[in-house]
Amino acid sequence: MKHNRTAQILWAGRELLTHPGATLLIALAMGLLTTMIATGLLLSQALTATTNRLLSQGPDLVVRRVTHDGGQLLSVKMAATAMAIPGIIEARPRIWGSVRTPQGVVTVVAADQKALRRLHAPASIRAPLPGQALVGHGVTVPETDSRLMLQGATMITVRVAQRFPLEADLVTHDLVMLHPADARRLLGLAPEDACDLALTVFHADEAEALRPELARAFPWPVHITTRQDTRKHYATAFGRRGGLSSMLYFPAVIALLLLVAGVVRQQIGNRARIGLFKALGWTSRDIVALQVTKALLVGLPAIAGGLMIAYGLVYAPAQQWIGTLLLGWQKTAPLMHLDTGYAAPIFLEVTGIVLIPYLVAVLWPSLVQAASDPQDLLNRGD
Amino acid sequence: MPTELACRHLTYAYPAHAKSSAGTPLLRDIEAVFPGGQIVLVSGRSGAGKSTLLHLLAGLLRPSSGEIVADGQPVSRWLTAHRDRWRRRVGVVFQQDRLVSDLTVLENVMLPLVPRSGGLRHWRTSGLAMLARLDAYDLAPQSVDALSGGQRQRVAAARALVDTPDYVVADEPTAHQDLDNARRLGHLLRQTADRGAVVVVAAHDRHVDEWLNVDQRLMLDNGYLQPAP
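So the protein sequences, as listed, match chains A and B.
Reading the first sequence from the start, the letters are residues 196 to 577 in my numbering.
Reading the second sequence from the start, the letters are residues 800 to 1028 in my numbering.
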């Protein structure tokens, strides 16, 4: 007659149900532990993936004119100067600045349909026409008429035609995109003025090497920012606030140690039962198989549940806490980009971090006990 | 080779950490053969070492010196893994029944079958059949905590016999039984022996002849095992 694995798994389940409270407690502890560890790791991965994805749509290099007072305007004709440098294939003068709204300060940029397409914006997103604005989810607009008052060099009022997609909220949260003519009027810029130059290079890897040539090409001092610099800037900004989330690891490690200690204690308390099972003809292998099956029946669903919660906490659209923690946002939160190539190893890593100590805590006492004489276990368990 | 259990110069003393009497041999240089097909009764006063002898015979303990030989093999000297496998052929009735309180009666009886073969249906059928032979069929779904002492002993006996073992050691299996149930168990042990199994029963019940048809009687006294007068 063959071994019936299904029946033995059912038996392991039945054994777990003899102590439902303890089983539930261990499952909850493992699930919570998984959530704590996985949330920190997934958040870190999600921020990196989301930032990289968004920045990859931006310029390779940005050149700003600077003086001892700070940034200065430059002429749109300087785009030709940049284009004269080998390796640079596009130079776009940009118009942007900070202005006030009744609800607070926002960043204004000018863009036309061509610029939007360059950013791989969804087809449903249209560049603002004169008098219109495309705004981020952090820009508050009166519900009554959707009109936004902007105070820069002059005051203008525009109608909010659309909002940026939530997926781009990490970089568009407080952004107001205007028609170039409206932006110039708001910021008080002449037709030949630009705030900086956004450059595209032939080989992205060469951006860093072009810095010295760019610096020499302009008749005044410039500040040059590469995509890598921007990436570092975001990483530092997130890291400073996101460091708080790493504090999750400390209680998680304590919880893991307590869980392991509790399970070892529980297993040692089971020696009379194991002694009896051995006396009834269970081999050491049978006992270890039972304990592993029981551990997996508790551990795998608990860890899967913990991972799902962590996934929801990081990637679900309605999550508020990430925006509050990382950026101080009060209402909306960024929609994170899931890179399965990175998330899958994290899922495996967290499963290992939680499951392996748990399995060891279950197996180690079982292996020691399984090597003992049954009567010895029965006597010590009494 | 016919089924047989034997003690060869078997001596047992409690380990140093176990009892105040540690070091003093409880069993001394025992030489005995327990042949298949026979019921051997081991008697002796309380504390004489009957339970210890049965535990040694069942492979639950290792002797201090000497050996237990089963079918010509020195099983007491075997490595744990081999002894574990051999123990599958042994059915044990403990003096303190040792039922698992958080399982039902039927689940307790099914316990020896779980790691072996078959499935839930086979385990259940075998368990119920054995309970029926001991007039305990109706107890199957009950918690063992709800049973009387006699009922618990019958369940423990059913658990020991459910997998048709080649060696049965039963320690005071009828201490709390009425005569009818004791006879029922005695009859079952007789059938077990008749199919060739070794059956060793420890009892100091003076009325044992009323329920058990014994083939050989041994007496444990002062650590020595000898034929009963």
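All C-beta atoms, glycine included, are put in the ideal place defined by N, C-alpha and C.
Beta-ladder partner(s) of residue i, from DSSP
| i | result |
| --- | --- |
| residue 806 of chain B | B:831, B:867 |
| residue 260 of chain A | A:267, A:417 |
| residue 1015 of chain B | B:839 |
| residue 826 of chain B | B:811 |
| residue 575 of chain A | In DSSP, residue 575 of chain A forms no bridge with anything. |
| residue 357 of chain A | A:329 |
| residue 1001 of chain B | B:841, B:970 |
| residue 872 of chain B | B:869 |
| residue 1020 of chain B | B:1023 |
| residue 942 of chain B | B:903 |
| residue 890 of chain B | B:967 |
Chain B contact for residue i (CB, 8 Å cutoff)
| i | result |
| --- | --- |
| residue 561 of chain A | no |
| residue 215 of chain A | no |
| residue 475 of chain A | yes |
| residue 251 of chain A | no |
| residue 247 of chain A | no |
| residue 240 of chain A | no |
| residue 486 of chain A | no |
| residue 461 of chain A | no |
Contacts that residue i makes with chain B (C-beta to C-beta distance below 9 Å)
| i | result |
| --- | --- |
| residue 468 of chain A | 899 |
Below-8 Å beta-carbon distance, residue i vs any chain D residue
| i | result |
| --- | --- |
| residue 218 of chain A | The chain labelled as chain D is not found among the protein chains of the depicted structure, namely A and B. |
Contact list for residue i against chain B, beta-carbon separation under 8 Å
| i | result |
| --- | --- |
| residue 490 of chain A | What residue 490 of chain A touches in chain B: nothing, since even the nearest Cβ is about 17 Å away. |
| residue 203 of chain A | 913, 914 |
First and last residue of the uninterrupted beta strand (DSSP E) at residue i
| i | result |
| --- | --- |
| residue 936 of chain B | Element bounds for residue 936 of chain B: n/a, residue is neither H nor E. |
| residue 253 of chain A | That residue, residue 253 of chain A, is in no beta strand (DSSP E); it is neither H nor E in DSSP. |
| residue 1024 of chain B | 1023-1026 |
| residue 917 of chain B | Taken as a continuous stretch (DSSP letters only), residue 917 of chain B belongs to no beta strand (DSSP E), as it is neither H nor E. |
Proximal residues of chain A, C-beta to C-beta of residue i below 7 Å
| i | result |
| --- | --- |
| residue 883 of chain B | 473, 478, 479 |
| residue 879 of chain B | 479, 566 |
| residue 902 of chain B | 213 |
| residue 854 of chain B | 570 |
N- and C-terminal bounds of the alpha helix (DSSP H) containing residue i
| i | result |
| --- | --- |
| residue 969 of chain B | That residue, residue 969 of chain B, is in no alpha helix (DSSP H); its beta strand (DSSP E) goes 966-970. |
| residue 553 of chain A | 535-565 |
| residue 496 of chain A | 479-510 |
| residue 908 of chain B | 904-909 |
| residue 948 of chain B | 948-960 |
| residue 628 of chain A | There is no way to answer for residue 628 of chain A, as the model of chain A reaches only from 196 to 577. |
| residue 985 of chain B | 978-993 |
| residue 470 of chain A | 466-474 |
| residue 1010 of chain B | First-last for residue 1010 of chain B: undefined, no H or E at that position. |
| residue 209 of chain A | 200-212 |
| residue 856 of chain B | 849-856 |
Interface residues of chain B facing residue i [CB-CB closer than 7 Å]
| i | result |
| --- | --- |
| residue 199 of chain A | 917, 918 |
| residue 206 of chain A | 913 |
| residue 569 of chain A | 859 |
Partners in chain A for residue i, counting only beta-carbon separations shorter than 8 Å
| i | result |
| --- | --- |
| residue 889 of chain B | 476 |
9 Å Cβ cut-off: residues of chain A touching residue i
| i | result |
| --- | --- |
| residue 886 of chain B | 473, 474, 475, 476, 477, 478, 569 |
Test: residue i CB closer than 8 Å to a CB of chain A
| i | result |
| --- | --- |
| residue 910 of chain B | yes |
| residue 986 of chain B | no |
| residue 1003 of chain B | no |
Heavy atom of the ligand COA within 7 Å of residue i beta-carbon
| i | result |
| --- | --- |
| residue 937 of chain B | The ligand COA is absent from the structure shown, which contains no ligands of any kind. |
Point to revise | Minimum length 4: unbroken alpha helix (DSSP H) runs contained in the segment 270-351 of chain A | key: Listed in chain order, they are 273-278, 308-313.
Exercise for review: Let me know the alpha helix (DSSP H) ranges lying completely inside the segment 362-409 of chain A, each 4 residues or longer, listed in chain order.
Suggested key: If we require 4 residues or more, the alpha helix (DSSP H) runs fully inside the segment 362-409 of chain A come out as 364-367, 375-382.
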